[in-house]
Amino acid sequence: DGVPTSVDEYAVTRPWFQHVPLTYGDIVDTTNLGVHSYRYNLTGLLGTLYSHCDHAGMNHTANMELQANSEDYEDDDQHVVMDVTDVDSLTFLAWRYDVLVQARAQGLDDADADDEMDKMVVMVYEHCLPGTHSEYPEDFKAMWKIQGGEPSKAMLDGVLSGATPIRIQGWAGLNQRYFGCSGEVEALVVS
Numbered sequence: 002d003g004v005p006t007s008v009d010e011y012a013v014t015r016p017w018f019q020h021v022p023l024t025y026g027d028i029v030d031t032t033n034l035g036v037h038s039y040r041y042n043l044t045g046l047l048g049t050l051y052s053h054c055d056h057a058g059m060n061h062t063a064n065m066e067l068q069a070n071s072e073d074y075e076d077d078d079q080h081v082v083m084d085v086t087d088v089d090s091l092t093f094l095a096w097r098y099d100v101l102v103q104a105r106a107q108g109l110d111d112a113d114a115d116d117e118m119d120k121m122v123v124m125v126y127e128h129c130l131p132g133t134h135s136e137y138p139e140d141f142k143a144m145w146k147i148q149g150g151e152p153s154k155a156m157l158d159g160v161l162s163g164a165t166p167i168r169i170q171g172w173a174g175l176n177q178r179y180f181g182c183s184g185e186v187e188a189l190v191v192s
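Quick note, my numbering runs 1 ahead of the 1-based positions in the sequence shown.
Spelled out as structure tokens, the structure:
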């Protein structure tokens, strides 16, 4: 009937939730939930971020030192973190690195570089892959109470009109090297 019901209200549901904390603050540590404890298996880009980025929380080295110095540390509770190994993710990381190097050489900060990368990706999606960026249909916007337009469509329009050009020098060459397509208008693939 759509009315929320407390899990403690009925005897049939109570046993399933008896060891689950009732507040968010109590549930944050997923390794300390009794029979409902769980651990994370971080892989790919997220695993690499977790294990190699000092600003992404406890880094891998500090975590290993903590484990080594902990008398009550149980290997069963260890989170598994694996670096990126798939070709697509490695290609993306190499592209991102080279774009960031170019952006810094031009005096752009990392936030600006991220904005430029977004524009470069929008161009690849629009001109190298099937499909197109389009505005949300009006009935969709009404149903979800969306006030503005579709962000990637607005970004694409800005690049194509020249209002917000891509500021990374040689951006099309970087896209070509890593994605096999420059993303320029002329790169449009007709299927």
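Cβ atoms here follow ideal geometry from the backbone N, Cα and C, with glycine treated the same way.
| task | Within the same chain, show all residues whose beta-carbon is closer than 8 Å to that of ASP199, passing over the 5 residues directly before and after it, in chain order. | result | Beyond the ends of the chain as shown, which are 2 and 192, falls residue 199; an answer cannot be given.
| request: Identify the continuous alpha helix (DSSP H) that holds PRO16 and give its terminal residues. | output: Residue mapping note: residue 16 aligns to position 15 of the sequence shown, counting from 1. Taken as a continuous stretch (DSSP letters only), the alpha helix (DSSP H) holding PRO16 covers 15-18.
| Got a sec, what are the start and stop residues for the alpha helix (DSSP H) PRO5 sits in? | Counted from its first residue, the sequence shown places residue 5 at position 4. Neither: PRO5 is in no alpha helix (DSSP H) and is coded neither H nor E.
| request: For ALA173, I'd like the list of residues in its chain whose CB is within less than 7 Å of its CB, leaving aside the five on either flank, ordered along the chain. | output: Looking up residue 173 in the sequence shown gives position 172. Same-chain partners within the cutoff: SER183, GLY184, GLU185.
| task | Could you tell me which of ILE169, PHE180, ARG15 sits nearest to GLN107, measuring between CA atoms? | result | To locate residue 107, count along the sequence shown from 1; it is residue 106. When each option's Cα is compared against that of GLN107, the closest is ILE169.
| said: Assess contact between the segment 152-163 and the segment 92-102, defined as three or more Cβ pairs (one per stretch) separated by less than 8 Å. Is contact present? | reply: no
| query | Quick one: what's got a C-beta closer than 6 Å to ARG15's C-beta in the same chain, skipping five residues either side? | reply | Position 14 of the sequence shown, counted from the first residue, corresponds to residue 15. Once the five neighbours on either side are set aside, the close Cβ partners of ARG15 are ASP9.
| task | Express the C-alpha separation of ALA112 and ARG105 in angstroms, rounding to a whole number. | result | By 1-based counting over the sequence shown, the position of residue 105 is 104. By 1-based counting over the sequence shown, the position of residue 112 is 111. Roughly 11 Å separates the two Cα atoms.
| THR49 (DSSP reduced to helix, strand or coil) | For the purposes of this step, residue 49 is taken as residue 48 along the sequence shown, with counting starting at 1. Correct three-state label for THR49: helix.
| query | Does DSSP put VAL100 in a helix, in a strand, or in coil? | reply | Along the sequence shown, one-based indexing puts residue 100 at 99. Looking at VAL100 - three-state DSSP - the assignment turns out to be helix.
| For MET118, which of PRO166, HIS134, MET144, TYR137 has the nearest alpha-carbon? | Start at 1 with the first residue of the sequence shown, and residue 118 comes out as number 117. Of the listed residues, the one whose Cα sits closest to MET118 is PRO166.
| Could you give the distance in angstroms between the alpha-carbon of LEU130 and the alpha-carbon of MET124? | The sequence position of residue 130 within the sequence shown is 129, counting from 1. The sequence position of residue 124 within the sequence shown is 123, counting from 1. Cα to Cα, LEU130 sits roughly 10 Å from MET124.
| message | Less than 8 Å between the beta carbons of LEU46 and VAL88, yes or no? | response | Indexing the sequence shown from 1 puts residue 46 at position 45. Indexing the sequence shown from 1 puts residue 88 at position 87. No, they are not a contact pair.
| field | Reference GLY163, options LYS120, HIS20, ALA95, closest by Cα | value | Numbered from its first residue, the sequence shown carries residue 163 at position 162. The shortest C-alpha separation from GLY163 is found at LYS120.
| task | Could you spell out where the alpha helix (DSSP H) holding ASP113 opens and where it closes? | result | The sequence position of residue 113 within the sequence shown is 112, counting from 1. Segment 111-129, the alpha helix (DSSP H) holding ASP113.
| field | GLN148 burial status per 10 Å Cβ neighbour count (16 or more: buried) | value | Looking up residue 148 in the sequence shown gives position 147. It counts as exposed.
| In or out: GLU195 buried (at least 16 other Cβ within 10 Å) or exposed? | Residue 195 cannot be examined here, being either before or after the span of the chain that is shown, 2 to 192.
| task | Assign LEU175 to one of three DSSP states: helix, strand, or coil. | result | For this step, residue 175 is matched to residue 174 along the sequence shown. DSSP places LEU175 in helix when its eight states are reduced to three.
| message | Is the separation between the beta-carbon of GLY1 and that of GLN103 shorter than 8 Å? | response | There is simply no residue 1 to check, as the chain begins at 2 and stops at 192 in what is shown.
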